[in-house]
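Colleague: Chains as they are written, first to last, in the numbering used here: chain L, 2 to 357; chain S, 5 to 385. Even for Gly, the Cβ is constructed at its ideal location relative to N, Cα and C.
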């Protein structure tokens, strides 16, 4: 039984968790007066490797289930020379986020969420990112991409003091799955506090006649892209007691979020995952898919896979890539995916696909 | 006039306390300092289906237990009573877990602010084996480490008696050495336990206060008639002191067994048996060779050794570090009192005898300490 756990929310709400698990009823919650306190029992009496309670996503201001697909495409205009100009507005703010039920982390964020908004553009777009620092420390936005030194977002080039603003301007290239993060010092503290996000540049099919179909499948808004089920997953961790070891690991910040609310996958449609590793303190993180194999495009900068037919991939910090796979031949059910560092998995980086 | 001053002083004290509590004039100094949290694990037991941890909230603020980790993995758990744990308040965590017998496991709580506090279960063994038969076992262990060695140790009395004054001096020297050892040992163990208790309880200070008050009270009671206790009365107080010490020892043994920290109980019991043999000589020493009835000796052995059985049972079921530290404090105080009285007796007997404290008495003192040290090596809990 991959899912020997049940929550009050699951019982009263969507019924998602109870469906298909064949579990008996959870222990009555009468003894517990509060949603954030333990209310769970497992069917075998030996407990489960999970957190107890529920994270208040509304108070956090972001929901991990929504973060998977909420592409921030900014506003698109055409300038006098006929070039596509895409603008984004990003604000750095200090905010406390609940990363596991009842566990609060004093984060530094882009737009109040961790990871920051998933910025998505098309190869060749002129990007204008207006960055305002409303936090308590100087911050930057350092993009992994091709740009000038002036736009690098490091101390001395685009670092923004609290209360100030700066606009980063560069062309979206190369196409691929990238990231941005704060590059102020102390670097480790600025990154692990939460200042990072995914930056996706879709290929422009017109520039890749040799692989036009593959490029169209990647391009958000193109008809060929519509059948794909795309998700962004930023692998991260939180050192809550500041001992330079993470107490919580996750994709998109909330421990066990997709274990407690599995990600729905339609069997008939292929899956594409934009995977980014920003985990601090550990040299690598990894992604392992159960009962299936995937093709992997390292950095997403190619239209043919770097690895074919693998079920585990590892990434160092800031490494990222695109995973493509399909559950077309599988029977419906819950399929795990998680870090194959079991330590990370048991500390929150454990997830499920609900294949229907 | 004097009364008026006292009344005014009391009023000023009351006004100042009220003023500091309500007006909080110095809070600005600490306003930006985050609350300090602390969690002490008071008692962790292992059961067929998992662990039960009694925790106490320490520090300046209530503590909310957000999550629980076992061996570095988040685990489902329940908390009773639920909600934040008030400062110095207690809560019980039930953590279902498929633990592995004989292997160590690490429990940790993560508070709402992300701090972690952990506790190592050194050797996981089922504490539930302590049912009805368990109690009898615990009593048996208590009697075997407390009462039996004293009863057996009386067998050394005839040979000491045959040595006359030398035997008497040797016995008193040995008693003095034994008491010194027990005082140091009891104080050390008591302070260690006090250190395990949550810091907000100031258990170390409680230890010193209780032990000194106990010593003073016993000294006063023993010398109520004006004279220092001698003979049978001194023997009674020595037995009482040793008994209170053995109560503490019993608590420590019972607690260790119940939480699975003692894997080699048999070895431990034999060690304590050897360790406590010489207590018989200490109890009989004040009689200085005079005939004593078997019933009296038996009663004294029960007084000195019986509390160990009380300790093993209570330590296994109602142990908290603070309560155990207080038990050790009472024991230390009682030993301090008899140490004073035995010392006084030895000085009195030495009067007019050149070098009386250098022969058999010194041998007994040194030998006693060495013997106790050697046997203590086998009984480290």
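Less than 8 Å between CB atoms is the rule here; does residue 45/S satisfy it with respect to chain L?
Modeller: With 8 Å as the cut-off, residue 45/S does not count as an interface residue toward chain L.
Colleague: Let me confirm a value: residue 54/L is counted as buried when at least 16 other C-beta atoms fall within 10 Å, else exposed. Which label applies?
Modeller: So residue 54/L ends up on the buried side.
Colleague: Going along the chain, which residues of its own chain have a beta-carbon closer than 7 Å to the beta-carbon of residue 36/L, five neighbours each way excluded?
Modeller: In this predicted model, residue 36/L has a pLDDT of only 39, less than 50, meaning its place in the structure is not dependable; the value taken from the coordinates is given anyway. Counting only Cβ-Cβ distances below 7 Å, and skipping sequence neighbours, we find 54 and 55.
Colleague: Is the Cβ of residue 356/L closer than 8 Å to any Cβ of chain S?
Modeller: False, the Cβ-Cβ gap to chain S never drops below 8 Å.
Colleague: Using a Cβ-Cβ distance under 8 Å, would residue 55/L count as near chain S?
Modeller: No, no contact with chain S.
Colleague: Check the DSSP bridge columns for residue 42/S and list the partner residues they point to.
Modeller: In the DSSP output, where bridge partners are listed per residue, residue 42/S has 62/S.
Colleague: Can you list, in chain order, the residues of its chain with a C-beta nearer than 6 Å to that of residue 87/L? Leave out the 5 residues immediately preceding and following it.
Modeller: Once the five neighbours on either side are set aside, the close Cβ partners of residue 87/L are 75, 77, 122, 126 and 128.
Colleague: By Cβ distance below 6 Å, which residues in the same chain neighbour residue 236/L in space, the five residues on each side in sequence not counted?
Modeller: 252, 278, 280 and 286.
Colleague: Comparing C-alpha positions only, which one of 358/S, 242/S and 332/S sits nearest to residue 196/S?
Modeller: It is 332/S whose Cα lies nearest to the Cα of residue 196/S.
Colleague: Can you tell me where the beta strand (DSSP E) holding residue 177/L begins and where it ends?
Modeller: Note, residue 177/L: beta strand (DSSP E), 177 to 182.
Colleague: Under the three-state reduction of DSSP, which class applies to residue 92/S: helix, strand or coil?
Modeller: Reduced to three states, the DSSP call for residue 92/S is coil.
Colleague: Return helix, strand or coil for residue 198/L, following the three-state DSSP convention.
Modeller: The answer is strand: DSSP assigns residue 198/L an E or B state.
Colleague: Roughly how far, in whole angstroms, is the beta-carbon of residue 316/S from the beta-carbon of residue 142/S, given that I think they are within contact range, below 8 Å?
Modeller: Yes, residue 316/S and residue 142/S are in contact; Cβ-Cβ is about 4 Å, under 8 Å.
Colleague: Please list the partners that residue 214/L has in chain S, where partner means a Cβ-to-Cβ separation under 7 Å.
Modeller: The contacting residues do not exist; residue 214/L stays about 44 Å from chain S at best.
Colleague: Comparing C-alpha positions only, which one of 242/L, 299/L, 230/L and 301/L sits nearest to residue 354/L?
Modeller: The residue with the shortest Cα to Cα distance from residue 354/L is 230/L.
Colleague: Residues of chain L with CB under 8 Å from residue 79/S, in chain order?
Modeller: Those are 48, 49, 50 and 51, listed as they occur along chain L.
Colleague: Going along the stretch 60 to 87 of chain S in order, which residues come within less than 9 Å of chain L, judged by CB to CB distance?
Modeller: Those would be 68, 69, 70, 71, 72, 73, 74, 75, 76, 77, 78, 79, 80, 81, 82, 83, 84, 85, 86 and 87, in chain order.
Colleague: From the DSSP output, in three-state form, read off residue 17/L for me.
Modeller: The predicted model places residue 17/L with a pLDDT of 35, which falls under 50 and marks its position as unreliable; any figure quoted below should be read in that light. In the structure shown, residue 17/L sits in coil (DSSP, three-state: anything other than H, G, I, E or B).
Colleague: Give a yes or no on whether 8 Å exceeds the smallest Cβ distance from residue 54/S to chain L.
Modeller: Closer than 8 Å to some Cβ of chain L, the Cβ of residue 54/S qualifies, so yes.
Colleague: Residues of the stretch 88 to 103 of chain S in Cβ contact with chain L at a cutoff of 8 Å, in chain order, please.
Modeller: If the cut-off is 8 Å between Cβ atoms, the stretch 88 to 103 of chain S has 99, 100, 101 and 102 near chain L.
Colleague: Who are residue 72/L's beta bridge partners in DSSP?
Modeller: Answer by DSSP bridge pairing, in chain order: 119/L.
Colleague: What distance in whole Å lies between the Cβ atoms of residue 111/S and residue 48/S, which are believed to be in contact at a cut-off of 8 Å?
Modeller: Between residue 111/S and residue 48/S the Cβ distance is about 7 Å, and since that is below 8 Å, they are a contact.
Colleague: May I ask which residues mark the beginning and end of the alpha helix (DSSP H) holding residue 82/S?
Modeller: Run containing residue 82/S: none in the alpha helix (DSSP H); it sits in the beta strand (DSSP E), 82 to 84.
Colleague: Could you tell me which of 101/L, 61/L and 119/L sits nearest to residue 3/S, measuring between CA atoms?
Modeller: Here chain S has residues from 5 to 385 only, and residue 3/S is not among them.
Colleague: Report the partner residues of residue 184/S according to the DSSP bridge assignment.
Modeller: In the DSSP output, where bridge partners are listed per residue, residue 184/S has none listed.
Colleague: Which chain S residues sit within Cβ distance under 9 Å of residue 340/L?
Modeller: Correct list: empty, because the minimum Cβ distance to chain S is about 13 Å.
Colleague: So residue 259/L and residue 118/L are supposed to be a Cβ contact under 8 Å. How far apart are they, rounded?
Modeller: Wrong, their Cβ atoms sit about 19 Å apart, outside the cutoff.
Colleague: Evaluate residue 335/S with the Cβ neighbour count: other Cβ atoms within 10 Å of its Cβ, from every protein chain shown; 16 or more gives buried, anything less gives exposed.
Modeller: The residue in question, residue 335/S, is buried, as its Cβ has 16 or more Cβ neighbours within 10 Å.
Colleague: Below 8 Å on the Cβ atoms is my contact criterion, and I expect residue 339/S with residue 190/S to pass it. Report the Cβ-Cβ distance as a whole number of Å.
Modeller: The pair is a contact, with the Cβ atoms about 6 Å apart (cut-off 8 Å).
Colleague: At what residue ranges does the stretch 71 to 154 of chain L contain a whole run of the beta strand (DSSP E), taking only runs of 3 or more?
Modeller: The qualifying runs are 76 to 79, 85 to 101, 104 to 111, 117 to 123 and 127 to 134.
Colleague: Rounded to whole angstroms, what is the Cα-Cα separation between residue 224/S and residue 247/S?
Modeller: If I take the Cα positions, the gap works out to 19 Å.
Colleague: What are the uninterrupted segments assigned as alpha helix (DSSP H) that are 4 or more residues long and contained completely in the stretch 241 to 300 of chain L, given in chain order?
Modeller: You should have 258 to 261.
Colleague: I'd like to know if the stretch 253 to 272 of chain L and the stretch 298 to 309 of chain L are in contact, where contact means that at least 3 CB-CB pairs between them fall below 8 Å.
Modeller: At 8 Å Cβ cutoff, the stretches do not touch.
Colleague: Kindly indicate the opening and closing residues of the beta strand (DSSP E) around residue 115/S.
Modeller: Unbroken beta strand (DSSP E) run through residue 115/S: 109 to 115.
Colleague: Along chain L, in chain order, which residues have C-beta atoms closer than 7 Å to that of residue 117/S?
Modeller: The answer, in chain order, is 105.
Colleague: Counting pairs of Cβ atoms below 8 Å between the stretch 152 to 171 of chain L and the stretch 181 to 201 of chain L, do you hit three or more?
Modeller: Contact between the stretch 152 to 171 of chain L and the stretch 181 to 201 of chain L is present, because at least three Cβ pairs lie under 8 Å.
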